[in-house]
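Below you'll find the structure, written out as structure tokens, and then a few comments.
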Amino acid sequence: MSSFGVVLDACVLIPATLRDTLLRAVEKGMYRLHWSDEILDEVRRNLVKRGMTSPEDAQDLIDQMNRFFAEANVRGFEVLIPAMTNDEKDRHVLAAAVMSRSQVIITSNIKDFPKQTLEPFGVEAQTPDEFLTHLFYLNPTLMMEILSEQAGDLDDPPLTVPEVLAVLAIVAPGFVKLMQS
Numbered sequence: 008m009s010s011f012g013v014v015l016d017a018c019v020l021i022p023a024t025l026r027d028t029l030l031r032a033v034e035k036g037m038y039r040l041h042w043s044d045e046i047l048d049e050v051r052r053n054l055v056k057r058g059m060t061s062p063e064d065a066q067d068l069i070d071q072m073n074r075f076f077a078e079a080n081v082r083g084f085e086v087l088i089p090a091m092t093n094d095e096k097d098r099h100v101l102a103a104a105v106m107s108r109s110q111v112i113i114t115s116n117i118k119d120f121p122k123q124t125l126e127p128f129g130v131e132a133q134t135p136d137e138f139l140t141h142l143f144y145l146n147p148t149l150m151m152e153i154l155s156e157q158a159g160d161l162d163d164p165p166l167t168v169p170e171v172l173a174v175l176a177i178v179a180p181g182f183v184k185l186m187q188s
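For what it's worth, my numbering labels the leading residue of the sequence shown as 8, then goes sequentially.
Structure, rendered in structure tokens:
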């Protein structure tokens, strides 16, 4: 297991294909995963609000994620929230990163995590594209294995690796370009 700590913001856990790719990289030991009940509650609420799933299925997904990645849940970070100066609605995410000693927050909302608010804590915000690109450069063979397994496990509907990459291209075009080269 890697000692490189990463907090996944809710916005990167909502798209199913991206979530699957990010979590498979954890399974392969590429990074140490962290999130909080508050982050997962935001995922659950948004999956339902956007009509992506039923309330019951959204809760089942969160329960499965908590069961499979039990060590990911950060607790006790709430006391740090008043010291955070990033976007108010995302201070809990930075506080969870600080509490878990994570180096990176993966988010599609970079504007909510200005560099000057993260630097004092030794934390950096990256987009999913930046993060997946870094994982590719760390181990391109393993990333291809992850995508092959991901495509092979999908059956409703079944997808090929190029089809998985086409979905990922929406949020990670640079990563997809590397994977296709």
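Even for Gly, the Cβ is constructed at its ideal location relative to N, Cα and C. No experiment lies behind these values; they were computed from the predicted model shown.
CA nearest to the CA of ASP97, picked from ARG108, ILE112, SER107, GLY83:
Counting from one through the sequence shown, the residue named residue 97 turns up at place 90. The residue with the shortest Cα to Cα distance from ASP97 is ILE112.
Buried or exposed (CB count within 10 angstroms, at least 16 for buried), ALA104
On the sequence shown, residue 104 is found 97 positions in, with the first residue counted as 1. Classification of ALA104: buried, given that the 10 Å Cβ count is 16 or more.
State the start and end residues of the unbroken alpha helix (DSSP H) segment that holds GLN4.
Residue 4 cannot be examined here, being either before or after the span of the chain that is shown, 8 to 188.
With C-beta atoms as the reference, is ALA158 less than 8 Å away from THR167?
The residue given as residue 158 occupies position 151 in the sequence shown. The residue given as residue 167 occupies position 160 in the sequence shown. Their beta carbons are under 8 Å apart, which means ALA158 touches THR167 by this criterion.
Considering only the beta carbon of each residue, do LEU139 and PHE75 sit closer than 8 Å?
Along the sequence shown, one-based indexing puts residue 139 at 132. Along the sequence shown, one-based indexing puts residue 75 at 68. Not in contact: LEU139 and PHE75 (Cβ atoms no closer than 8 Å).
Would you call ARG51 buried or exposed, if buried means 16 or more other Cβ atoms sit within 10 Å of its Cβ?
For the purposes of this step, residue 51 is identified with residue 44 of the sequence shown, where counting begins at 1. ARG51 is buried by the Cβ-count criterion.
So, with DSSP's three-state summary, where would you put LEU145?
Your numbering for residue 145 matches position 138 in the sequence shown. In this structure, LEU145 counts as helix in the three-state DSSP scheme.
Cβ distance (whole Å) where LEU125 is taken to contact ASN93 below 8 Å
Counted from its first residue, the sequence shown places residue 125 at position 118. Counted from its first residue, the sequence shown places residue 93 at position 86. Indeed, because the Cβ distance is near 7 Å, the residues count as touching under 8 Å.
From the DSSP output, in three-state form, read off ASP44 for me.
Reading the sequence shown from its first residue, position 37 is the one you call residue 44. DSSP places ASP44 in helix when its eight states are reduced to three.
So what's ASP162 in DSSP terms, helix, strand or just coil?
As a first step, residue 162 is located in the sequence shown; it is residue number 155 there, counting from the start. Note: ASP162 maps to strand in three-state DSSP.
Identity of the residue in GLN110, ASP44, PRO169, PRO135 nearest LEU3 by Cα:
Since the first residue of the chain shown is 8 and the last is 188, residue 3 is not available in this structure.
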